[in-house]
Amino acid sequence: MAVVAIEGLQKTYRSGPDSVTVFGGLDLQLGAGKSLALVGPSGSGKSTLLNILCGLESFDRGEIVLFGDRVTGFGPDAWAGLRRQRIGVVFQEANLMPAMTLAENIRLRAELAGTNSADPQDWLARLGLEGLGQRYPDQVSGGQRQRAALAMVFAMAPGLILMDEPTGSLDRHTATLVADELFRWQAERQCPLILATHDLALAERCDHQLDLGGGQ
Ligand SMILES: Nc1ncnc2c1ncn2[C@@H]1O[C@H](COP(=O)(O)OP(=O)(O)OP(=O)(O)O)[C@@H](O)[C@H]1O
Ligand SMILES: [Mg+2]
Numbered sequence: 029m030a031v032v033a034i035e036g037l038q039k040t041y042r043s044g045p046d047s048v049t050v051f052g053g054l055d056l057q058l059g060a061g062k063s064l065a066l067v068g069p070s071g072s073g074k075s076t077l078l079n080i081l082c083g084l085e086s087f088d089r090g091e092i093v094l095f096g097d098r099v100t101g102f103g104p105d106a107w108a109g110l111r112r113q114r115i116g117v118v119f120q121e122a123n124l125m126p127a128m129t130l131a132e133n134i135r136l137r138a139e140l141a142g143t144n145s146a147d148p149q150d151w152l153a154r155l156g157l158e159g160l161g162q163r164y165p166d167q168v169s170g171g172q173r174q175r176a177a178l179a180m181v182f183a184m185a186p187g188l189i190l191m192d193e194p195t196g197s198l199d200r201h202t203a204t205l206v207a208d209e210l211f212r213w214q215a216e217r218q219c220p221l222i223l224a225t226h227d228l229a230l231a232e233r234c235d236h237q238l239d240l241g242g243g244q
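Here the numbering used here is used: the first residue of the sequence shown is 29, the next is one more, and so on.
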C-alpha cells in the first residue's frame, strides 16, 4: 500500500491581484520503503509540496492520503501530532530549540515521539558531528545544524521523512557522508523518504525522481 498517495493536487498562491499556480493536478504515489527525489528548477514547487505533505501549507483541490488516512479535515492538532510522531521533517531552517544543546535537542525529539532509542552522541557521530553534542545551535554552522536536525529525525524513528535540500549547504565530501548515512538508515528501517534537491547525484540515489518543472 502507498504511504503517500496524491491525486489531482491543485495549488495556487494568491496575494492580492497576483496568483501563481504551482500545481494544476499533480498525481503521486510512494510505496513503503521507497525514496523519491523532487527535482526541477527554482520555483517549480518542491518546497511547496513538502510543506503541503506535513500540513504547513494548504492546498486547493485534490486528495492526499497519508498512512491510509485522507488529510482533508486534519486540523492543526492532527498535523502537529503527525510531525511529532510520524513525519520527520528536515528543512533548511533546522527547527532546533535554541536554549538546548544539540544532544538535548535529539533526546527531546525522541522523547516527544515516544521513542528513546539510541544515544544522541551516536547519531551525531554517524553524521560527522562527533564532539558537538554539548554545543548550542547558534554555536555551530548552518550545515551542522541541518545535520543535527537529521539526527533528530533518525532518533524519532518516523514513518515518513521529508527533506528540503538536505545537502544544499554541504561540501561534496560531507554531502556524500550524509547521503550514505541517510540511505543506509532508510534501507534498514524501510522508511519512505521524499527529498527536494538540485543535487543530481543525490537525486539519482533515490528510487524515483519527479521533475516538477517539466510536465507532470
Ligand atoms: N507564500 C507564498 N506566496 C506566494 N507565492 C509563493 C509562496 N511560496 C512560494 N511561492 C511561489 O510558488 C512557486 C513555488 O515555490 P517553491 O518554494 O515551492 O519552489 P522550489 O521548487 O522549492 O524552489 P527552490 O528550488 O528555489 O527552493 C514559486 O513561484 C514561488 O515564488
Ligand atoms: Mg525550495
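Backbone N, C-alpha and C define an ideal beta-carbon position, used for all residues, glycine too.
With a cut-off of 6 Å, the C-beta of Lys74 is classified as near ligand 2, since at least one heavy atom of the ligand falls inside that distance. Cβ-Cβ distances below 7 Å link Glu209 to Arg154 and Leu155 in the same chain, with the five nearest sequence neighbours on each side left out; the list follows chain order. For Thr225, the secondary structure class from DSSP, reduced to helix, strand or coil, is coil. For the region 29-101, the full-length alpha helix (DSSP H) segments reaching 4 residues or more read 74-81 along the chain. Distances taken from the Cβ of Ser70 to the heavy atoms of ligand 1 include one shorter than 6 Å. In this structure Glu139 is exposed. Its beta-carbon is surrounded by fewer than 16 other beta-carbon atoms within 10 angstroms. Beyond the five residues adjoining it in sequence on each side, Trp107 comes within less than 6 Å, by CB distance, of Gly83 in the same chain, given in chain order.
If you look at Met191, you'll find it in the beta strand (DSSP E) that goes Leu188 to Asp192. In summary, Leu228 is exposed, with fewer than 16 beta-carbon neighbours lying within 10 Å of its beta-carbon over all protein chains present.
Straight-line measurement puts the Cα of Glu216 at about 32 Å from the Cα of Gln167. Taking the CA atoms as reference points, Asp239 sits about 39 Å from Ala127. In the structure shown, the three-state DSSP call for Leu136 is helix. Between ligand 1 and the CB of Val118, the shortest heavy atom gap is not smaller than 6 Å.
In the DSSP assignment, His236 forms a beta bridge with Leu64. Going by C-alpha positions, Thr40 is about 26 Å away from Gly196.
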